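Numbering (the working numbering), first residue to last: 13 to 221. C-beta atoms are modelled at their ideal positions from N, C-alpha and C, and glycine is treated no differently. Computed from a predicted structure; not experimentally measured. To keep things clear, I will list the structure first and then write my remarks on it.
So, in structure tokens, the structure goes:
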């Protein structure tokens, strides 16, 4: 009871003696209040803890919009409407990595209702090789197996450009949403992984072997 009375007395005294003045060095108001009695000082020291807790709560409430923004950004990377399948190997029946990329591309396109563009890149041969028609037939067969008889087919041969630059150029021109590549293209030196982020303006899905 004496402790409660001490608190009430200290608060009443502080309110009654609160004065408003001006700082000698500034025209802004200066608030002053007498210190609480020594027997109640431990309560005065606890007030900053409440303030810190309020500030902490404020920080947590501000973090919630940031989490939703991250979630929205993640959702944007799953709304694919146009996919690119680059083919850089010269195997007329397609290499294992390219076949894997073709299966993944058709699966994603079917899931999101997306269109597919295939680009065959050969930076050395300007003219089609004898196995050219066999390779195109293999591409059509693998995509039809995934449920796609219709897709856009491009060929870029003997232009002297790096395949990575060609992929980036097509991705930019067609406003593509995703490029699907096998790591085989990187291991075989057809695609420079260090240049992917520089030349390709959209996400790239690299499939492990």
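At the C-beta level, residue 163 and residue 130 come within 8 angstroms of one another. Residue 94 carries a strand assignment under DSSP once its states are collapsed to helix, strand and coil.
For residue 117, the three-state secondary structure derived from DSSP is helix.
Beta-bridge pairing by DSSP links residue 130 to 97, 165.
Assigned with DSSP and collapsed to three states, residue 191 falls in strand.
Note on residue 141: under 16 other CB atoms within 10 angstroms of its CB, so exposed under the neighbour-count rule. Residue 216 has 191 as its beta-bridge partners, per DSSP. Distance check between residue 158 and each of 117, 187, 179 places 117 closest, using alpha-carbon atoms only.
When secondary structure is reduced to three states using DSSP, residue 159 falls in the coil class, being assigned neither helix nor strand.
Taking 8 angstroms as the cut-off, the Cβ atoms of residue 212 and residue 191 count as close. Taking residue 206 as the centre and dropping the five residues before and after it, the same chain places no C-beta closer than 8 angstroms to its C-beta. Nearest to residue 128 by alpha-carbon distance, out of 182, 169, 168, is 182. In the DSSP assignment, residue 208 falls within the unbroken alpha helix (DSSP H) covering 205 to 211. Here residue 161 is exposed. Its C-beta has fewer than 16 other C-beta atoms within 10 Å. Approximately 6 angstroms separates the beta-carbon atoms of residue 94 and residue 186; this is inside 8 angstroms, confirming the contact. In this model, residue 189 and residue 215 are separated by some 7 angstroms (Cα to Cα).
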